[in-house]
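Novice: Quick note, the sequences are listed as chains A and B, same order. Note that the first sequence covers residues 1 to 336 in my numbering. Note that the second sequence covers residues 337 to 770 in my numbering. Don't be surprised by glycine CBs; every beta carbon is placed ideally from N, CA and C. Below you will find the structure I want to go over with you.
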Amino acid sequence: MDFLNALVALSNFVLVPAIAYGSQLALGALGVTLIYGILRFSNFAHGDTMAFGAMIAVLVTWWMQSVGIGLGPLPTALLALPFAILGCMILVLITDRLVYRFYREQKAKPVILVIVSMGVMFIMNGLVRFIIGPDDQRFADGERFLISAREFKQLTGLKEGLAIKTTQGITVVVAVIAVALLFWFLNKTRTGKSMRAYSDNEDLALLSGINPERVVMYTWLIVAALATTAGVLYGLDKSFKPFVYFQLLLPIFASAIVGGLGNPLGAIAGGFIIAFSEVTITYAWKKVLTYLMPESLEPSGLVQLLSTDYKFAVSFVILLIVLLFKPTGLFKGKAV
Amino acid sequence: MSEPVKNTLLFVLVGALILLTGFMQSWNSALMILNMGLISAIMAIGVNLQWGFAGLFNVGVMGFVALGGLAVVLVSTPPTPGAWTAGGFGILLALLLGAATIFAAVMIAQKMPKGRMRTLTMIVVLVAGFFVFRAVFDPNVAAVEAISPATSGHIGGLNLPVLLAWPAGGLFAAGAAWLIGKTALGLRSDYLAIATLGIAEIIIAVMKNEDWLARGVKNVIGLPRPVPYEIDLQNDPGFIERASSLGLDPVTASTLYVKLGYSVLFLIVLLVLLWMAQMALKSPWGRMMRAIRDNEVAAEAMGKDVTRRHLQIFVLGSAVCGIAGAMMTTLDGQLTPGTYQPLRFTFLVWVMVIVGGSGNNFGAVLGAMLIWFLWVQVEPIGLWLMQVLTAGLPDGSALKTHLLDSAAHMRLLTMGVVLLLVLRFSPRGLIPEK
Numbered sequence: 001m002d003f004l005n006a007l008v009a010l011s012n013f014v015l016v017p018a019i020a021y022g023s024q025l026a027l028g029a030l031g032v033t034l035i036y037g038i039l040r041f042s043n044f045a046h047g048d049t050m051a052f053g054a055m056i057a058v059l060v061t062w063w064m065q066s067v068g069i070g071l072g073p074l075p076t077a078l079l080a081l082p083f084a085i086l087g088c089m090i091l092v093l094i095t096d097r098l099v100y101r102f103y104r105e106q107k108a109k110p111v112i113l114v115i116v117s118m119g120v121m122f123i124m125n126g127l128v129r130f131i132i133g134p135d136d137q138r139f140a141d142g143e144r145f146l147i148s149a150r151e152f153k154q155l156t157g158l159k160e161g162l163a164i165k166t167t168q169g170i171t172v173v174v175a176v177i178a179v180a181l182l183f184w185f186l187n188k189t190r191t192g193k194s195m196r197a198y199s200d201n202e203d204l205a206l207l208s209g210i211n212p213e214r215v216v217m218y219t220w221l222i223v224a225a226l227a228t229t230a231g232v233l234y235g236l237d238k239s240f241k242p243f244v245y246f247q248l249l250l251p252i253f254a255s256a257i258v259g260g261l262g263n264p265l266g267a268i269a270g271g272f273i274i275a276f277s278e279v280t281i282t283y284a285w286k287k288v289l290t291y292l293m294p295e296s297l298e299p300s301g302l303v304q305l306l307s308t309d310y311k312f313a314v315s316f317v318i319l320l321i322v323l324l325f326k327p328t329g330l331f332k333g334k335a336v
Numbered sequence: 337m338s339e340p341v342k343n344t345l346l347f348v349l350v351g352a353l354i355l356l357t358g359f360m361q362s363w364n365s366a367l368m369i370l371n372m373g374l375i376s377a378i379m380a381i382g383v384n385l386q387w388g389f390a391g392l393f394n395v396g397v398m399g400f401v402a403l404g405g406l407a408v409v410l411v412s413t414p415p416t417p418g419a420w421t422a423g424g425f426g427i428l429l430a431l432l433l434g435a436a437t438i439f440a441a442v443m444i445a446q447k448m449p450k451g452r453m454r455t456l457t458m459i460v461v462l463v464a465g466f467f468v469f470r471a472v473f474d475p476n477v478a479a480v481e482a483i484s485p486a487t488s489g490h491i492g493g494l495n496l497p498v499l500l501a502w503p504a505g506g507l508f509a510a511g512a513a514w515l516i517g518k519t520a521l522g523l524r525s526d527y528l529a530i531a532t533l534g535i536a537e538i539i540i541a542v543m544k545n546e547d548w549l550a551r552g553v554k555n556v557i558g559l560p561r562p563v564p565y566e567i568d569l570q571n572d573p574g575f576i577e578r579a580s581s582l583g584l585d586p587v588t589a590s591t592l593y594v595k596l597g598y599s600v601l602f603l604i605v606l607l608v609l610l611w612m613a614q615m616a617l618k619s620p621w622g623r624m625m626r627a628i629r630d631n632e633v634a635a636e637a638m639g640k641d642v643t644r645r646h647l648q649i650f651v652l653g654s655a656v657c658g659i660a661g662a663m664m665t666t667l668d669g670q671l672t673p674g675t676y677q678p679l680r681f682t683f684l685v686w687v688m689v690i691v692g693g694s695g696n697n698f699g700a701v702l703g704a705m706l707i708w709f710l711w712v713q714v715e716p717i718g719l720w721l722m723q724v725l726t727a728g729l730p731d732g733s734a735l736k737t738h739l740l741d742s743a744a745h746m747r748l749l750t751m752g753v754v755l756l757l758v759l760r761f762s763p764r765g766l767i768p769e770k
């Protein structure tokens, strides 16, 4: 019984939140890694692209709520997601046309493109704050829990409860669908294959008659869709605040690099590695250990390795370790 | 128009903008812009050393600036009575133990033969070291933080003159930069960027959460200052007499006097650093740095130790940022870790360097002054613009209120547009590198 209680406590506080957070990071990291693979630079504006997409979702959700459109137990934001993706796609295509294309034609060095993306970051950040303001916005509605702690206790008779938020369930489901679609697209369709070819060897791809502008356009479209989905899921799960999305940049980059930049599978693995380490290292293990250990050995403190405020430090340390021992990432990424 | 004339005119233009602020708004705001502009210029010189001279992509400026601010607290505030005996030495011991653990792990990584044995020993050493560290660290921190938590609860400083804190801020930043450089400089440029971005966030997280160090988010206020207090000046009959002879009331005169005092101090530091940076740029060392920047492989073939030189200039540039951070905290009179934001302290400095002209010290200074002026003045200008634009809308309409409220966020938008325009149409900046 104690073992079961420990397991439930572990799932409630570590596994479930980490899986949800990991899915969000993985979606974000996929966007970063695709841009790196095709356009060959680290996009500092990615966090703010997520914020922009999520902002449109918030606005559309509010409008839908005001006219009474809803999904019943599911959050209305899911209905708003397609509109948000569309809006975000328009924004990134405009950005590419006005800003990035010029440097692509010049064959500018990657580091110049990174600085350019800093400028784009400023503008997107300003736009988001200009339209919706810098404050916290809540837009989640519908049923709060798939299963609440109390129901679970009644159902199983255990001392520990397991609560799964609807948003956590939706995050995982949507992330799985998005990743499946992405891999189907990359592996089965003609455009997807030309994208992979372009990423592997630009010159060879050009020689075989692949239109680079088309590849780049599709990349941006996919990145916009992934970024918006990640942004909306994160906003649903926590809450929408522009500055938080900027801060997500670090764990997202860490996920992409740990997995191997330019490698989509790696980005997913990296997202979960970062999420699980962040949650396990900042979790206070006292509860779980109390169930598992004999009474005489029960821990007196919280058994928390690091306070939650240092979660950035965790992703950073993992990043450093991987970079020092395996510079191309766990899955083989590319190095420009 | 010849090069020097154009550059002089650009500086005159910035000077005129600040004077205009003085005439149109108030001399206090003009001096405030000037003071922060001077500090920004020093930060820009630091970033220019790294990016302009050596091509190192450091986006952790915020962290080094914050470390400089921390130095002010640790050097110039009076020590908290009893804090050192209660737990200060214990904390030091714990930190030494932590450092020893990491050192041991690094030694093991270098000395032992590669294999499972090495990995296992390293993990054992690290885990054991971590628990010993926490066992010594936690009770001592609790002891220090228990000392009158409402007013202090930190170990306090060394009670030295505040001007000494400025070089100390540089040293703090240099130490951190050495550690980061040692681990991250061998990596590719984007990785260095991500690493510095991360380290800056961690430095801020440490300063926010380690209350024993500088009270965390509870802030340290009332830091000593190198210039007299306004209230003392206002009570000084000699000062009032001089003020009235200039036709100023004592309150305005005292605030102006204090700000001017800061301006003079900052200007001295800026000129010294600018002179040093110019000398470095012209020296064989500076030429070597640019050679490494332009072609690492060729420089390495000439026998230059690229990684070592990179480490050197990374530490130097970060130290300059640290000095600027210490100066800024002195000017504010308080350390508030919650206010450090990457957009303001890292990316804005980058805009300054790029706009001014990377690789040119005068460009960096000019860019810093100009961009800081814009950063401050875009808000009122944006508000005015919005008022003009929305003049036709009825008062109290939702759109009008929203637009007027959002005018404050115009500055981010403006900075982005300025950066992109300069990168596109004048990528070498206002004063290009020679």
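How is V707/B classed by DSSP in three states: helix, strand or coil?
Specialist: Taking the second sequence and counting its residues from 1, the one referred to as residue 707/B is at position 371. This sequence places Ile at residue 707/B; Val is not what is there. Three-state DSSP puts I707/B in a helix.
Novice: For R97/A, count neighbouring C-beta atoms within 10 Å of its own C-beta (all shown protein chains included) and say buried if the count is 16 or more, exposed if not.
Specialist: Start at 1 with the first residue of the first sequence, and residue 97/A comes out as number 97. Classified as exposed, R97/A has fewer than 16 neighbouring CB atoms from the shown chains inside 10 Å of its CB.
Novice: Does the Cβ of Y565/B have 16 or more other Cβ atoms within 10 Å, making it buried, or fewer, making it exposed?
Specialist: Within the second sequence, numbered from 1, the residue matching residue 565/B stands at position 229. Exposed, by the Cβ-count rule.
Novice: Using a Cβ cut-off of 8 angstroms, pull out every chain A residue sitting near S376/B, in sequence order please.
Specialist: Your numbering for residue 376/B matches position 40 in the second sequence. Those do not exist, as S376/B stays about 16 angstroms from chain A at its closest Cβ, beyond 8 angstroms.
Novice: Give a yes or no on whether the minimum CB-CB distance between I257/A and chain B is below 8 angstroms.
Specialist: The residue given as residue 257/A occupies position 257 in the first sequence. Yes, its Cβ sits closer than 8 angstroms to a Cβ of chain B.
Novice: Helix, strand or coil for F393/B, going by three-state DSSP, please let me know.
Specialist: For the purposes of this step, residue 393/B is identified with residue 57 of the second sequence, where counting begins at 1. Here F393/B sits in coil by DSSP.
Novice: Enumerate, from N- to C-terminal direction, the unbroken alpha helix (DSSP H) stretches of 4 or more residues contained entirely within the region 221-266 of chain A.
Specialist: 242-259
Novice: The alpha helix (DSSP H) with I170/A in it runs from where to where?
Specialist: One-based indexing of the first sequence puts residue 170/A at position 170. T166 to K188 is the extent of the alpha helix (DSSP H) around I170/A.
Novice: Work out the CA separation of M55/A and D136/A for me, nearest whole Å.
Specialist: Walking along the first sequence from the start, residue 136/A turns up at place 136. Walking along the first sequence from the start, residue 55/A turns up at place 55. One C-alpha to the other measures close to 11 angstroms.
Novice: So what does DSSP say about A337/A, is it helix, strand or coil?
Specialist: A query on residue 337/A cannot be resolved here, the shown segment of chain A reaching from 1 to 336 and no further.
Novice: Any beta-carbon of chain A closer than 8 angstroms to the one on R760/B?
Specialist: Position 424 of the second sequence, counted from the start, is the residue given in the question as residue 760/B. Answer yes: the Cβ-Cβ gap between R760/B and chain A drops below 8 angstroms somewhere.
Novice: Compute the Euclidean distance between the alpha carbons of L684/B and S315/A, then round it to the nearest angstrom.
Specialist: Stepping through the second sequence from its first residue, residue 684/B is reached at position 348. Stepping through the first sequence from its first residue, residue 315/A is reached at position 315. So the alpha carbons of these two residues sit roughly 25 angstroms apart.
Novice: Based on the DSSP output, what are the partners of Q24/A in its beta bridges?
Specialist: Taking the first sequence and counting its residues from 1, one reaches residue 24/A at position 24. For Q24/A, which the question treats as bridged, DSSP gives no partner whatsoever.
Novice: Would Y527/B pass as an interface residue toward chain A - the criterion being a Cβ-Cβ separation below 8 angstroms?
Specialist: On the second sequence, residue 527/B is found 191 positions in, with the first residue counted as 1. At least one chain A Cβ lies under 8 angstroms of Y527/B.
Novice: The beta strand (DSSP E) with I69/A in it runs from where to where?
Specialist: Position 69 of the first sequence holds residue 69/A. Annotation for I69/A: no beta strand (DSSP E) segment contains it, and DSSP assigns it neither H nor E.
Novice: May I ask whether a heavy atom of the ligand SAM can be found less than 7 angstroms away from the beta carbon of N263/A?
Specialist: Absence of the ligand SAM is noted for the structure shown, with no ligands found whatsoever.
Novice: Could you tell me whether the Cβ atoms of A529/B and I516/B are closer together than 8 angstroms?
Specialist: Taking the first residue of the second sequence as 1, we reach residue 529/B at position 193. Taking the first residue of the second sequence as 1, we reach residue 516/B at position 180. Taking 8 angstroms as the Cβ cut-off, A529/B and I516/B do not qualify as a contacting pair.
Novice: In three-state DSSP terms, what is V556/B?
Specialist: Looking up residue 556/B in the second sequence gives position 220. For V556/B, the secondary structure class from DSSP, reduced to helix, strand or coil, is strand.
Novice: For chain A, find out if any of its Cβ atoms is closer than 8 angstroms to the Cβ of V753/B; answer yes or no.
Specialist: Along the second sequence, one-based indexing puts residue 753/B at 417. True, the Cβ-Cβ gap to chain A drops below 8 angstroms.
Novice: For F312/A, which residues in chain B fall below 7 angstroms Cβ to Cβ?
Specialist: Residue 312/A sits at position 312 when you count from the first residue of the first sequence. Those within 7 angstroms of F312/A in chain B are G534, E537, I538 and A541.
Novice: Given that a residue counts as buried once 16 or more other Cβ atoms are within 10 Å of its Cβ, and exposed if not, what is S581/B?
Specialist: If you number the second sequence from 1, residue 581/B lands on position 245. Exposed, because fewer than 16 other Cβ atoms sit within 10 Å of the Cβ of S581/B.
Novice: Hey, is A390/B's beta-carbon within less than 8 angstroms of any beta-carbon in chain A?
Specialist: Along the second sequence, one-based indexing puts residue 390/B at 54. By this cut-off, A390/B is not an interface position.
Novice: Please list, in chain order, all residues of the same chain as T95/A whose beta carbon is under 7 angstroms from its beta carbon, the five residues on each side excluded.
Specialist: For this step, residue 95/A is matched to residue 95 along the first sequence. Closer than 7 angstroms at the Cβ level, and outside the excluded window around T95/A, lie V120.
Novice: Could you please give me the residues that DSSP links to P415/B through a beta bridge?
Specialist: The residue you call residue 415/B lines up with position 79 of the second sequence. G492/B.
Novice: Below 8 angstroms on the Cβ atoms is my guess for V383/B versus A660/B; work out the distance and round it to an integer in Å.
Specialist: Residue numbering aside, residue 383/B sits at position 47 when the second sequence is read from its first letter. Residue numbering aside, residue 660/B sits at position 324 when the second sequence is read from its first letter. About 10 angstroms separates the two Cβ atoms, so there is no contact after all.
Novice: When burial is assigned at 16 or more other CB atoms within 10 Å of the CB, is W63/A buried or exposed?
Specialist: What you label residue 63/A is simply residue 63 of the first sequence in a count that begins at 1. Exposed.
Novice: Which residues, in order along the region 680-694 of chain B, keep a beta-carbon less than 8 angstroms from a beta-carbon of chain A?
Specialist: F683, W686, V687 and I690
Novice: Name, please, each residue of chain A whose Cβ falls closer than 9 angstroms to the Cβ of A531/B.
Specialist: For this step, residue 531/B is matched to residue 195 along the second sequence. Here the neighbours are F316, L319, L320 and L323.
Novice: What span of residues does the alpha helix (DSSP H) with I147/A cover, start to end?
Specialist: In the first sequence, counting from the first residue as 1, residue 147/A sits at position 147. Unbroken run through I147/A is the beta strand (DSSP E), F145 to I147; no alpha helix (DSSP H).
Novice: Thinking just about the alpha-carbon of each residue, which of P730/B, W711/B, Q713/B and S742/B is nearest to the one in M722/B?
Specialist: Sequence index remark: in the second sequence, residue 722/B carries index 386 (1-based). The shortest Cα separation from M722/B among P730/B, W711/B, Q713/B and S742/B belongs to S742/B.
Novice: Whole angstroms is fine: what's the gap from E295/A's alpha carbon to M1/A's?
Specialist: As a working mapping, residue 295/A is identified with position 295 in the first sequence. As a working mapping, residue 1/A is identified with position 1 in the first sequence. About 15 angstroms.
Novice: Given that a residue counts as buried once 16 or more other Cβ atoms are within 10 Å of its Cβ, and exposed if not, what is Q361/B?
Specialist: In the second sequence, residue 361/B corresponds to position 25, counting from 1. Answer is exposed; the Cβ neighbour count stays below 16.
Novice: Considering only the beta carbon of each residue, do A57/A and T167/A sit closer than 8 angstroms?
Specialist: The count along the first sequence starts at 1 and reaches residue 57/A at position 57. The count along the first sequence starts at 1 and reaches residue 167/A at position 167. For A57/A and T167/A, no; Cβs fall outside 8 angstroms.
Novice: Report all residues from its chain with a CB closer than 8 angstroms to the CB of H646/B; omit the five preceding and five following residues, and keep chain order.
Specialist: Translated into the one-based positions of the second sequence, residue 646/B becomes position 310. Contacts found: A390, L392, G517, L521 and I628.
Novice: Using a C-beta cutoff of 8 angstroms, does S590/B count as contacting chain A?
Specialist: As a position in the second sequence, residue 590/B is number 254, starting the count at 1. S590/B does not count as touching chain A.
Novice: Alpha carbon to alpha carbon, what distance is there between A727/B and S733/B?
Specialist: Taking the second sequence and counting its residues from 1, one reaches residue 733/B at position 397. Taking the second sequence and counting its residues from 1, one reaches residue 727/B at position 391. Taking the straight line joining both Cα atoms gives about 11 angstroms.
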